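Q: First the structure, then my questions, so here it is.
What follows is the structure, encoded as structure tokens:
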């Protein structure tokens, strides 16, 4: 018995050359997009690069580079006014970091555990400071302190920075707390732990990477902040950012370039540390934490 073979219904094979050409075209990057991206980064980072370069200038000039020197960094170290402002900024950043983290962790726990309409409304209200222009927050804080009869000083800057930073900590930690299994806390309480002991011994250790990352981020944000500090600080001592602004109104000095470069380097290190702290604990990347995922 002879079997009849039907012709196969497969489509004819495409030429290999045409396939490679299509893959090559698909892998090409549009030149216009590459050019726009390069222009964006040039406009964004070129002025910063110029400031960093002229901070090593051996001449007292902002237009002519005469060679590499640490002259202006030594001048900054021996400038008592700038060093005093640097110490003030460090104290404000440390206090704001500690206060906002403590209050932010407590608020995040309350918002996640309180599954009511009031809790949802409070969660939406916490997002308002993130989208409100900072100059509005600064003016409102100044008017509040003036209305309460408080003299603007380092203390008022700390209070304003803590209030402004709580939202960042809360937003970062809410998703982490929501991802935790609440049955673990219940199991701890079934074993004899109180609610506070369950939070202290179970929940907080699980949140430690996110807490550390948010702490470093808040420190960097507060240290570099100018708008809020400008409206809530007193005459003396002033934070470093406000002191720099006061100095450049009478002309930019090369020492300011050195100070700006050091502030930039410190901020980059702190933000990088905030991004990679979770990896030290074997958790997901810091980008996930900071984005709230």
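In our numbering, the protein residues as written are 4 to 296.
Glycine included, C-beta positions come from ideal geometry on N, C-alpha and C.
If you're wondering where the values come from, they're calculated on a predicted model, not measured in any experiment.
Does the region 175-194 come close enough to the region 244-261 that 3 or more CB-CB pairs lie under 8 Å?
A: Not touching, per the Cβ criterion.
Q: Beta carbon of residue 141, beta carbon of residue 224: below 7 Å?
A: Cβ atoms of residue 141 and residue 224: not closer than 7 Å.
Q: If we call anything under 7 Å between Cβ atoms a contact, is residue 100 one with residue 279?
A: Taking 7 Å as the Cβ cut-off, residue 100 and residue 279 do not qualify as a contacting pair.
Q: Is it true that the region 43-58 meets the region 208-217, where meeting means three or more beta-carbon pairs spaced less than 8 Å apart?
A: Contact fails: fewer than three Cβ-Cβ distances are below 8 Å.
Q: Can you check which of these residues, 200, 203, 158, is closest to residue 242 by C-alpha distance?
A: Of the candidates 200, 203, 158, the one whose C-alpha sits nearest the C-alpha of residue 242 is 158.
Q: By the 10 Å Cβ neighbour count, where 16 or more other Cβ atoms means buried, how is residue 79 classified, buried or exposed?
A: With 16 or more other Cβ atoms within 10 Å, it is buried.
Q: Could you pull the start and end residues of the alpha helix (DSSP H) that residue 113 belongs to?
A: Unbroken alpha helix (DSSP H) run through residue 113: 83-116.
Q: Tell me whether residue 60 sits in a helix, a strand or coil according to DSSP, three-state version.
A: Strand at residue 60.
Q: Quick check on DSSP: helix, strand or coil for residue 68?
A: Three-state result, residue 68: coil.
Q: Report, in whole angstroms, the separation of the C-beta atoms of residue 156 and residue 70, which I expect to be a contact under 8 Å.
A: Contact flag wrong, Cβ pair sits at about 43 Å.
Q: May I have the straight-line CA-CA distance separating residue 208 from residue 126, to the nearest angstrom?
A: Using only the alpha carbons, I get a separation of about 24 Å.
Q: Indicate whether the contact test is met: 3 or more Cβ pairs, each with one atom in the region 160-169 and one in the region 186-195, closer than 8 Å.
A: With the cut-off at 8 Å, the region 160-169 and the region 186-195 do not touch.
Q: Can you tell me the Cα-Cα spacing of residue 102 and residue 161, whole angstroms?
A: So the two alpha carbons sit approximately 9 Å from each other.
Q: Between residue 277 and residue 269, what straight-line distance do the alpha-carbon atoms span, to the nearest angstrom?
A: Each residue's alpha carbon lies about 12 Å from the other.
Q: Taking the C-alpha atoms as reference points, what is the distance between residue 96 and residue 124?
A: Each residue's Cα considered, the two are about 30 Å apart.
Q: Under the three-state reduction of DSSP, which class applies to residue 295: helix, strand or coil?
A: Residue confidence is low: residue 295 scores 44 on pLDDT, short of 50, so the model does not pin down where it sits. Its coordinate-derived value is still stated next. Coil, per DSSP.
Q: Should residue 201 be labelled buried (16 or more other beta-carbon atoms within 10 Å of its own) or exposed?
A: It counts as buried.
Q: Among 139, 137, 110, which has the Cα closest to the Cα of residue 129?
A: It is 110 whose Cα lies nearest to the Cα of residue 129.
Q: For the putative contact between residue 63 and residue 240, defined by C-beta atoms under 8 Å, what is the C-beta separation to the nearest angstrom?
A: So it is not a contact: roughly 27 Å between Cβ atoms.
Q: Can you give me the Cβ contacts of residue 114 inside the same chain, cut-off strictly under 8 Å, excluding the 5 residues immediately before and after it?
A: Only 122, 125, 126, 129, 173, 177 meet the Cβ criterion.
Q: Tell me whether residue 129 sits in a helix, a strand or coil according to DSSP, three-state version.
A: Residue state, collapsed to three classes: coil.
Q: Going by alpha carbons, who is nearest to residue 226 out of 164, 38, 92, 136?
A: The residue with the shortest Cα to Cα distance from residue 226 is 92.
Q: Do residue 235 and residue 153 have their beta-carbon atoms positioned less than 7 Å apart in this structure?
A: In this structure, residue 235 does not lie closer than 7 Å to residue 153 by Cβ.
Q: Measuring straight from C-alpha to C-alpha, what distance separates residue 108 and residue 132?
A: Roughly 17 Å between the two C-alpha positions.
Q: Measuring only the C-alpha atoms, how far is residue 264 from residue 217?
A: C-alpha separation (whole angstroms): 24 Å.
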